[in-house]
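Have a look at the structure below, then the notes.
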Amino acid sequence: STLFAGSAIALTTNYVSAKDASIASDTPNTSFPGNYYLFVGQDNGGGFGIERSMIAFQLSELKGKFINQARLRLAYSSALSDTTDLQSVSVHNITGDRWMVTPHLTWNSFISGGNGFDSSPAASAVVGGVQNKHVYWDITTLVKSWQVQQALGTKSVLLKADNEQATNGKAFKGKDFPNANLDRPLLIVSSDSSRPVTYAKNTIARRRSKSRAPRYLKLYRYYRAKQLKSKNKALRRRYAKAKNKYLRAYRYSKKQIATARLKWKVSDTFSENKAKVIVKVDRRVISKPHKRRKDIYFKKYKAYKAKYKKTKNRRLRKRYLNAAKMNYILKKHRQIGGQSLSAQDFMDY
Numbered sequence: 001s002t003l004f005a006g007s008a009i010a011l012t013t014n015y016v017s018a019k020d021a022s023i024a025s026d027t028p029n030t031s032f033p034g035n036y037y038l039f040v041g042q043d044n045g046g047g048f049g050i051e052r053s054m055i056a057f058q059l060s061e062l063k064g065k066f067i068n069q070a071r072l073r074l075a076y077s078s079a080l081s082d083t084t085d086l087q088s089v090s091v092h093n094i095t096g097d098r099w100m101v102t103p104h105l106t107w108n109s110f111i112s113g114g115n116g117f118d119s120s121p122a123a124s125a126v127v128g129g130v131q132n133k134h135v136y137w138d139i140t141t142l143v144k145s146w147q148v149q150q151a152l153g154t155k156s157v158l159l160k161a162d163n164e165q166a167t168n169g170k171a172f173k174g175k176d177f178p179n180a181n182l183d184r185p186l187l188i189v190s191s192d193s194s195r196p197v198t199y200a201k202n203t204i205a206r207r208r209s210k211s212r213a214p215r216y217l218k219l220y221r222y223y224r225a226k227q228l229k230s231k232n233k234a235l236r237r238r239y240a241k242a243k244n245k246y247l248r249a250y251r252y253s254k255k256q257i258a259t260a261r262l263k264w265k266v267s268d269t270f271s272e273n274k275a276k277v278i279v280k281v282d283r284r285v286i287s288k289p290h291k292r293r294k295d296i297y298f299k300k301y302k303a304y305k306a307k308y309k310k311t312k313n314r315r316l317r318k319r320y321l322n323a324a325k326m327n328y329i330l331k332k333h334r335q336i337g338g339q340s341l342s343a344q345d346f347m348d349y
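Quick note on UniProt numbering: the sequence shown kicks off at 1 and runs consecutively.
The structure is reproduced here in structure tokens:
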């Protein structure tokens with residue numbers, strides 16, 4: 001039987017933002033160091049224009065873990081203008097990381113510094129209404145994609161309003177907001193230390209008869225010649241497939257290698273582009289006809305062995321010894337060629 005590797009231990013980890021910043025389109029060369037808030041959208045006559053915010057997290061610890069869920073959590077502080085209108089705010093993956101090392105980040109330096117973001121949002125949430133409440137974005141797919149690309153480390157996202165022309169922007173509490181340990185930007189990740197268990201169906205290993213090796217070799221040579229001769233690409237592919245099939249069969253039968261067809265379907269999302277597989281052999285099963293033949297050989301062996309011990313005739317002793325040898329070998333190995341046994345082997349068996 002085959003199975004996928006085993007027990008999973010659920011673990012929830014809160015990753016506090018490593019860095020955050022806001023930029024504004026109408027003040028493209030102005031930075032906002034030490035700002036307590038993260039601004040998104042546009043206010044009514046504030047003179048800042050369209051505002052966007054970036055948040056970075058250090059995620060090196062997620063390497064090798066199976067991610068069940070990843071949610072971005074921000075504390076909604078207030079609207080940027082006197083309005084209670086709701087606004088849809090989206091989270092986008094940032095494709096560049098130079099903004100994190102830029103000392104005075106501005107709208108222009110973000111764009112010109114090789115930073116970009118995905119046009120399609122990773123998640124969206126409607127923000128507004130009650131202040132000081134937590135807002136969540138499910139970005140599980142995005143965090144898993146970072147794992148698959150083996151790009152875990154310091155990763156960042158961009159927050160922007162879906163309708164950046166509307167004057168109902170929003171403000172969230174940033175990582176430097178005073179006395180707000182419970183309201184700082186968080187990435188809440190639920191993960192497992194290993195993959196869940198997925199069992200495959202039981203299967204039987206079979207070994208091809210050694211006597212069929214010449215036939216497989218003949219078929220391999222036949223299809224190889226057809227492949228070399230044919231001009232048709234489709235036929236050449238078909239002949240190549242058949243050629244490889246019979247070449248494998250020849251090698252397996254010649255070396256007496258047992259093979260098994262293993263099939264499984266995995267619904268669990270893989271981690272870091274890898275899947276862990278364990279193949280477990282439960283037991284060796286001998287078919288009834290095979291066991292019956294071995295019993296017959298063993299009975300014949302014991303009968304000839306008894307005759308060998310009893311008779312005094314040298315010619316008969318030699319005949320019984322050879323017959324006992326043959327049945328002993330058939331019982332043990334089911335083949336005669338290449339075996340060399342002495343009379344003492346039978347005395348000790």
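C-beta: ideal position from N, C-alpha, C; glycine also.
If you follow the alpha helix (DSSP H) that residue i is in, where does it begin and where does it stop?
i, result
"Val-143", "140-148"
"Ala-306", "288-310"
"Ala-225", "213-229"
"Ser-109", "107-112"
Residue i and residue j look like a contact to me (Cβ under 8 Å); what is the Cβ gap, rounded to whole Å?
i, j, result
"Ile-139", "Ala-56", "With 8 Å as the limit, Ile-139 and Ala-56 do not qualify as a contact, their Cβ atoms being about 14 Å apart."
"Lys-160", "His-92", "7 Å"
"Tyr-37", "Lys-173", "7 Å"
"Ser-17", "Arg-184", "7 Å"
"Ser-25", "Asn-35", "Rounded, the Cβ-Cβ distance is 16 Å, inconsistent with contact."
"Val-127", "Gln-87", "6 Å"
"Leu-80", "Lys-170", "7 Å"
"Asp-97", "Ser-53", "The pair is not a contact, with the Cβ atoms about 16 Å apart (cut-off 8 Å)."
"Tyr-15", "Gln-42", "Going by Cβ atoms, the distance from Tyr-15 to Gln-42 rounds to 30 Å, so no, they are not a contact pair."
"Lys-300", "Asn-327", "4 Å"
Would you kindly work out how many angstroms separate the C-alpha atoms of residue i and residue j, rounded to a whole number?
i, j, result
"Lys-63", "Gly-153", "9 Å"
"Asp-176", "Val-130", "22 Å"
"Leu-186", "Asp-192", "19 Å"
"Ala-306", "Pro-289", "26 Å"
"Thr-12", "Ile-188", "7 Å"
"Gly-116", "Leu-262", "45 Å"
"Ile-329", "Lys-291", "15 Å"
"Arg-315", "Ala-303", "17 Å"
"Lys-231", "Ala-225", "12 Å"
"Ser-209", "Leu-217", "13 Å"
"Phe-298", "Tyr-320", "14 Å"
"Val-101", "Lys-245", "57 Å"
"Asp-85", "Ser-31", "28 Å"
"Ala-123", "Ile-67", "17 Å"
"Val-148", "Lys-155", "14 Å"
"Arg-237", "Asp-118", "41 Å"
"Tyr-222", "Ala-258", "25 Å"
"Ser-190", "Val-143", "11 Å"
"Tyr-76", "Trp-107", "23 Å"
"Arg-212", "Thr-141", "52 Å"
"Ser-112", "Tyr-239", "56 Å"
"Ser-253", "Asn-313", "43 Å"
"Phe-48", "Val-157", "21 Å"
"Arg-251", "Ala-242", "14 Å"
"Phe-346", "Lys-255", "Confidence in Phe-346 is poor, its pLDDT being 49 and thus under 50, which makes the residue's placement unreliable; the coordinate value appears in the next sentence. Phe-346 and Lys-255: Cα-Cα distance of roughly 28 Å."
"Lys-309", "Ala-323", "13 Å"
"Glu-51", "Ser-109", "14 Å"
"Asn-168", "Leu-74", "18 Å"
"Lys-318", "Thr-311", "10 Å"
"Lys-233", "Arg-248", "23 Å"
"Leu-219", "Leu-228", "14 Å"
"Gly-45", "Pro-28", "17 Å"
"Asn-163", "Ala-151", "31 Å"
"Lys-65", "Trp-137", "21 Å"
According to DSSP, which residues form a beta bridge with residue i?
i, result
"Asn-93", "Val-157"
"Met-54", "Ala-21 and Leu-158"
"Arg-207", "Ala-258"
"His-134", "Ala-75"
"Lys-173", "Tyr-37"
"Ile-67", "Ser-191"
"Phe-32", "None, per the DSSP bridge assignment."
"Thr-13", "Val-189"
"Ser-88", "Val-126"
"Phe-117", "Ile-94"
Considering just the uninterrupted stretch of the beta strand (DSSP E) at residue i, what are its terminal residues?
i, result
"Gln-42", "37-42"
"Ser-190", "186-192"
"Ser-124", "123-127"
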